[in-house]
Amino acid sequence: MSSAFVKFTAIRNLLRRRSLHITSTARTDAVRSEGATTGTKGFGDKEKAEEALWARKHDAELLNKLKQSLAEQKKSTDEIKRKIIELEEKHK
Numbered sequence: 001m002s003s004a005f006v007k008f009t010a011i012r013n014l015l016r017r018r019s020l021h022i023t024s025t026a027r028t029d030a031v032r033s034e035g036a037t038t039g040t041k042g043f044g045d046k047e048k049a050e051e052a053l054w055a056r057k058h059d060a061e062l063l064n065k066l067k068q069s070l071a072e073q074k075k076s077t078d079e080i081k082r083k084i085i086e087l088e089e090k091h092k
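When we follow the UniProt record's numbering, the leftmost residue of the sequence shown carries the number 1, and every step to the right adds one.
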């Protein structure tokens with residue numbers, strides 16, 4: 001084996017061990033901290049449901065605003081079309 005391959009393998013193994021340590025440390029810190037309710041399954045499900053509800057309400061509000069804007073644009077477009085027709089008839 002080449003020395004470059006051996007170095008690469010050693011570095012790869014070191015990084016794997018380090019990331020495993022960081023991950024396990026983060027998990028144990030989250031479990032140990034007081035008031036860490038986000039780690040409980042029920043709270044996480046409730047939080048996701050509330051976020052989904054907020055997103056649906058936000059999307060509904062945005063949809064209503066867009067529909068209103070579209071209605072205003074349609075009204076404006078219809079008025080312009082009416083004026084065009086009047087001018088075309090006037091100049092025939």
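Backbone N, C-alpha and C define an ideal beta-carbon position, used for all residues, glycine too.
Backbone CA spacing between residue i and residue j [nearest angstrom]
i: GLU47; j: LEU15; result: 34 Å
i: LYS74; j: LYS83; result: 14 Å
i: PHE5; j: ILE11; result: 10 Å
i: HIS58; j: LYS41; result: 26 Å
i: ALA55; j: ALA71; result: 24 Å
i: ASP78; j: LEU66; result: 18 Å
i: GLU86; j: SER69; result: 26 Å
i: SER76; j: ALA49; result: 40 Å
i: ALA52; j: ASN64; result: 18 Å
Sequence-distant residues of the same chain with beta carbon closer than 7 Å to residue i, five excluded per side
i: GLU88; result: none
i: GLU61; result: none
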